[in-house]
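Chains as they are written, first to last, in full-length UniProt numbering: chain A, 1 to 120; chain B, 1 to 144.
If you want it as structure tokens, here you go:
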């Protein structure tokens, strides 16, 4: 499929493929992360306090994984929220404003989450 | 195509209160709209989730603030309201995840794409999310 120049394909399938697939891949990552997190909380002995809880995220491999999941969450939410705007918001100007708001909202949350994670 | 395409009916200005309430929603339809609603709720409450993450892991002092917020409230937000919002997030996460897994099953096995599976799995998703939310909610509000 040619996607450049004057012979590029401008109709037909595959345009939504990337969003469709990435939403599923990011979803699977988040489910696996959820299972890994719950398993760690349940397997630790003793009452859940600060040391135990923060200790889970302090491990280097956990930071590695959590960082990826934060990015996956943001991309997943972007695809999903954009779908909501595309379904219900017809005026192009308002839709653009909402899409920009969505990006700002998500990027801000990603920055905040990563900052918390990496100073542990 | 020589035949002139039949003009399809268009439905516009659907009134959320007068028209939507007359829809006869199937289990699959409820699963679907709740999947979207739960996603939207979690998107809007994402800063709160990051705040939970921040205060709960950053330091022992912030951890105290985190637990105190649920016990006795924080700022103008009473503790019970924070618990209730958290319970909403818990339900949203559970419903969204189970509905997503249902989607993945239908993606992987196209034999699962039929009315019977749609209804049965839809009911499973809805009830599993509600039951687990009630169980965790009872824990959150200190019933056991």
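Virtual Cβ for every residue (Gly too), placed ideally from N, Cα, C.
Proximity to residue i [Cα-Cα], best of the options
{"i": "residue 60 (chain B)", "options": "A:55, A:85, A:100", "result": "A:55"}
{"i": "residue 36 (chain B)", "options": "B:119, B:101, B:96, B:128", "result": "B:96"}
{"i": "residue 55 (chain B)", "options": "B:46, B:136, B:44, B:67", "result": "B:67"}
{"i": "residue 138 (chain B)", "options": "B:42, B:84, B:38", "result": "B:84"}
{"i": "residue 48 (chain B)", "options": "A:119, A:118, A:112", "result": "A:112"}
{"i": "residue 135 (chain B)", "options": "B:90, B:73, B:112, B:111", "result": "B:90"}
{"i": "residue 103 (chain A)", "options": "B:27, B:16, B:111, B:43", "result": "B:43"}
{"i": "residue 115 (chain B)", "options": "B:29, B:18, B:79", "result": "B:29"}
{"i": "residue 32 (chain A)", "options": "A:62, A:6, A:46", "result": "A:62"}
{"i": "residue 132 (chain B)", "options": "B:24, B:94, B:70, B:23", "result": "B:94"}
{"i": "residue 25 (chain A)", "options": "B:123, B:141, B:100", "result": "B:100"}
{"i": "residue 14 (chain B)", "options": "B:23, B:106, B:53", "result": "B:23"}
{"i": "residue 142 (chain B)", "options": "B:87, B:9, B:46, B:58", "result": "B:87"}
Residue environment, residue i, which counts as buried when at least 16 other CB atoms sit within 10 Å
{"i": "residue 98 (chain B)", "result": "buried"}
{"i": "residue 1 (chain B)", "result": "Note that residue 1 (chain B) scores a pLDDT of 48, beneath 50, so its modelled location is shaky and nothing firm can be said."}
{"i": "residue 86 (chain A)", "result": "exposed"}
{"i": "residue 110 (chain B)", "result": "exposed"}
{"i": "residue 120 (chain B)", "result": "exposed"}
{"i": "residue 92 (chain A)", "result": "exposed"}
{"i": "residue 39 (chain A)", "result": "exposed"}
{"i": "residue 72 (chain B)", "result": "exposed"}
{"i": "residue 4 (chain A)", "result": "exposed"}
{"i": "residue 113 (chain B)", "result": "exposed"}
{"i": "residue 27 (chain A)", "result": "buried"}
Min CB distance residue i to chain C below 7 Å
{"i": "residue 100 (chain B)", "result": "No chain C appears in the structure shown, which is made up of the protein chains A and B."}
Own chain, CB closer than 6 Å to residue i, minus 5 neighbours either side, in chain order
{"i": "residue 126 (chain A)", "result": "Residue 126 (chain A) lies beyond the range of chain A shown here (1 to 120); nothing can be said about it."}
{"i": "residue 128 (chain B)", "result": "98"}
{"i": "residue 65 (chain A)", "result": "none"}
{"i": "residue 120 (chain A)", "result": "57, 58"}
{"i": "residue 102 (chain B)", "result": "121, 125"}
{"i": "residue 52 (chain A)", "result": "44"}
Endpoints, the alpha helix (DSSP H) within which residue i is located
{"i": "residue 47 (chain B)", "result": "46-57"}
{"i": "residue 17 (chain A)", "result": "17-43"}
{"i": "residue 69 (chain A)", "result": "60-88"}
{"i": "residue 104 (chain B)", "result": "79-108"}
{"i": "residue 95 (chain A)", "result": "92-118"}
{"i": "residue 15 (chain B)", "result": "From DSSP, residue 15 (chain B) is part of no alpha helix (DSSP H); its letter is neither H nor E."}
Contacting residues, own chain, Cβ-Cβ under 7 Å from residue i (five flanking each side not counted)
{"i": "residue 65 (chain B)", "result": "55"}
{"i": "residue 26 (chain B)", "result": "119"}
Sequence-distant residues of its chain with Cβ nearer than 8 Å to residue i (five each side left out)
{"i": "residue 30 (chain A)", "result": "69, 72, 73, 76"}
{"i": "residue 39 (chain B)", "result": "92, 96"}
{"i": "residue 63 (chain B)", "result": "55, 56, 57"}
Original post:
Got a sec: which bits of the segment 33-53 of chain A sit with their beta carbon under 9 Å from any beta carbon on chain B, in order along the chain?
Top reply: 34, 49, 50, 51, 53
Subject >> Positions along the segment 57-85 of chain B whose CB lies within less than 7 Å of some CB in chain A >> reply: 57, 58, 60, 63
Subject >> Near-chain A residues of the segment 25-42 of chain B (beta-carbon distance less than 7 Å), N- to C-terminal order >> reply: 36, 39, 40
Subject >> Proximal residues, the segment 103-131 of chain B versus chain A, C-beta separation under 9 Å >> reply: 103, 104, 107
Original post:
Got a sec: which bits of the segment 57-90 of chain A sit with their beta carbon under 7 Å from any beta carbon on chain B, in order along the chain?
Top reply: 57, 77, 80, 81, 84
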